[in-house]
Every structure is written in structure tokens, then in C-alpha cells.
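Okay, structure first, notes after.
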Amino acid sequence: MTPPDTVQKPTPVPGPVNQGPAVRTTPATEGDVSQAPANRTAASKIQKLYRTNRLKALREVLDGPPSYCTIPSECLHSYFLRVFGGMPRNDAQRPECLGPLPHVTTTDNLEADFTPKEVAARLSRTKNTAPGKDGIPYSLLRKRDPGYQLLLVRETSF
Numbered sequence: 003m004t005p006p007d008t009v010q011k012p013t014p015v016p017g018p019v020n021q022g023p024a025v026r027t028t029p030a031t032e033g034d035v036s037q038a039p040a041n042r043t044a045a046s047k048i049q050k051l052y053r054t055n056r057l058k059a060l061r062e063v064l065d066g067p068p069s070y071c072t073i074p075s076e077c078l079h080s081y082f083l084r085v086f087g088g089m090p091r092n093d094a095q096r097p098e099c100l101g102p103l104p105h106v107t108t109t110d111n112l113e114a115d116f117t118p119k120e121v122a123a124r125l126s127r128t129k130n131t132a133p134g135k136d137g138i139p140y141s142l143l144r145k146r147d148p149g150y151q152l153l154l155v156r157e158t159s160f
């Protein structure tokens with residue numbers, strides 16, 4: 003037992019092992035602002051994005067900048083023209099039990115515009131995603147355009 007007038011000191015607990023400097027090896031000086039504005043701008047941008055759309059912010063941080071197709075548009079156009087160009091189909095390879103393909107005389111059903119009823123039926127089954135480049139989610143379209151007129155114009159225009 004210790005005497006009442008002496009205070010026992012606690013045993014020190016070992017801390018984390020120093021694994022070296024995280025970012026800088028030298029202290030920052032007042033004139034050393036080479037990366038500071040860009041970092042502040044990027045941090046501010048990602049914070050703002052996080053407040054508005056957490057999933058998109060997470061994707062941007064993890065995936066990095068988007069990569070776009072580097073193939074020249076002329077090459078793409080010529081490739082798809084060869085693949086989907088008006089080549090006559092080869093009916094000779096079809097089994098006789100199937101017969102020849104019927105010739106399509108009217109494409110009215112395929113080329114008809116969407117009706118508000120069709121759009122409403124489809125939107126009632128969709129998740130709240132933003133399918134286009136505009137980033138407008140379906141919930142906002144449903145709320146702002148109850149008759150689906152803007153969505154009809156958008157879908158038939160493209």
C-alpha cells in the first residue's frame with residue numbers, strides 16, 4: 003500500500019508507431035502555395051457535390067475523371083454503317099420449317115409517338131434515377147410535369 007501523501011503516476015500507454023510523414027517532409031512556408039488553391043477548389047467542389055448528391059460524389063472520387071471514347075467519329079460511323087447498313091438478309095440459311103421472313107409494309111406502330119398513358123405506366127415502375135445527361139431524376143419529372151408533356155417532347159425529340 004502506498005503512503006497517503008504520495009500520488010501514484012499512471013503507467014504510460016504506448017501510442018501508434020510513427021510510420022513517417024503523411025504529406026510534407028518540410029514545414030510549409032508562407033510563400034509555399036503551389037497546390038493550395040487547386041486543392042481548396044477541388045475540396046470545395048467535392049463537398050458541394052456531396053451535399054447535393056452523395057452517390058455521384060463518391061463515384062467521382064473513386065472513379066476519377068470520366069474517360070471518353072478516343073475513336074474518331076468517322077471510324078465509328080463507317081463501322082456501324084458496315085454492320086447495320088442496308089445489307090440484304092440471307093434467307094438461304096434459314097431452315098425451311100421457318101419459311102421466309104415477312105416483308106414489313108407498315109411501321110406505324112414502331113414510329114408512333116409515345117402517349118401520356120404509356121409514359122405514366124412506364125414511370126410508375128421506374129426507380130428514381132437520372133437517365134440522361136441532364137441529370138434530372140424521374141421523381142422531379144413526375145412532380146413538375148404531372149401530364150408528362152415535357153417528357154413526351156423530350157423522348158420524341160431524341
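Residue numbering for the sequence shown follows the numbering used here, starting at 3 and increasing by one per position. For every residue, glycine included, the Cβ atom is placed at its ideal position computed from N, Cα and C.
Beta-carbon separation (whole angstroms), A122 vs Y150, contact threshold 8 Å: 6 Å
C-alpha gap between V63 and R56, whole angstroms: 11 Å
Euclidean distance between Cα positions of P118 and R124: 10 Å
Limits of the alpha helix (DSSP H) - the one that F82 falls within: 75-86
R26 - DSSP class collapsed to helix/strand/coil: Since pLDDT at R26 reaches only 48, below the 50 mark, its modelled position is unreliable, and the value read off the structure follows with that caveat. DSSP places R26 in coil when its eight states are reduced to three.
Residue range of the alpha helix (DSSP H) that includes E98: E98 -> no alpha helix (DSSP H), and no H or E assigned at all.
8 Å Cβ cutoff met for L51 and A44: no
Opening and closing residue of the alpha helix (DSSP H) in which Y140 lies: 140-146
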